[in-house]
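Colleague: In our numbering, the protein residues as written are 446 to 596. Backbone N, C-alpha and C fix where the C-beta goes; we use that ideal spot for every residue, glycine too. Structure provided below as structure tokens; questions to follow.
Have a look at this one:
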């Protein structure tokens, strides 16, 4: 994946979850949603994925209305269908029920062919003490890098 095509990254996903498996899914979008996405007018900090009738949906993602759109503009908070293979959906569903995992959106990007893709991951929620450990590790690493830079 080329990072110049990265539209937005869910920074809280890695902080709140231990991501184990990752999948890349297509999205069913409307025309004005694509235009808003290309302008990075999107927020999915509180979004999540759910499986309903063997189909995966992204809920809670807000794509702002396109500024130059007309009365046919899209609904910013609608649920969006994700496009995955049947085998992938069965595998995800099995892991969610067996291991009590959550399906979390990680990155939103445009692939080489110009399609908007969403990277989703299966993650287990972190406890507050795990989050504090991660913050301490990050601070220690930052201090070490600063000391090495000054030498």
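Within the continuous alpha helix (DSSP H) that includes residue 558, where are the two ends?
Modeller: Counting along the chain, residue 558 falls outside any alpha helix (DSSP H), and DSSP gives it neither H nor E.
Colleague: Looking only at DSSP bridge pairs, what is residue 502 linked to?
Modeller: Looking at the DSSP assignment, residue 502 forms a beta bridge with 495, 526.
Colleague: From what residue to what residue does the beta strand (DSSP E) around residue 452 run?
Modeller: Start and end: 451-454.
Colleague: Within its chain, find whatever has a CB closer than 8 Å to the CB of residue 524; leave out the 5 residues flanking it on each side and keep chain order.
Modeller: Taken in chain order, the residues that qualify are 502, 503, 504.
Colleague: Return the bridge partner residues of residue 551 from the DSSP annotation.
Modeller: Bridge partners of residue 551: none, in fact.
Colleague: Closest to residue 553 by CA distance: which of 591, 484, 463, 465 is it?
Modeller: Looking at the Cα atoms, 484 is the closest of the given residues.
Colleague: Just to check my reading of the structure: residue 510 and residue 490 have Cβ atoms closer than 8 Å, yes? What is that Cβ distance to the nearest angstrom?
Modeller: With 8 Å as the limit, residue 510 and residue 490 do not qualify as a contact, their Cβ atoms being about 19 Å apart.
Colleague: Excluding sequence positions up to five away, which residues of its chain have a Cβ less than 6 Å from the Cβ of residue 450?
Modeller: Contacts found: 554, 555.
Colleague: By Cβ distance below 8 Å, which residues in the same chain neighbour residue 528 in space, the five residues on each side in sequence not counted?
Modeller: Once the five neighbours on either side are set aside, the close Cβ partners of residue 528 are 470, 471, 472, 473.
Colleague: Roughly how many angstroms lie between the CA atoms of residue 588 and residue 500, to the nearest whole one?
Modeller: Distance between the alpha carbons of residue 588 and residue 500 is about 46 Å.
Colleague: For residue 582 and residue 564, what's the separation of their Cα atoms in angstroms?
Modeller: Taking the straight line joining both Cα atoms gives about 26 Å.
Colleague: Does DSSP put residue 567 in a helix, in a strand, or in coil?
Modeller: Here residue 567 sits in strand by DSSP.
Colleague: Residues in the same chain with beta-carbon distance under 7 Å from residue 457, minus the five sequence neighbours each way, listed in chain order, please.
Modeller: Closer than 7 Å at Cβ, skipping near neighbours: 490.
Colleague: Please state if the CB of residue 495 and the CB of residue 550 are separated by a distance shorter than 8 Å.
Modeller: Against a cut-off of 8 Å, the Cβ pair of residue 495 and residue 550 comes out as no contact.
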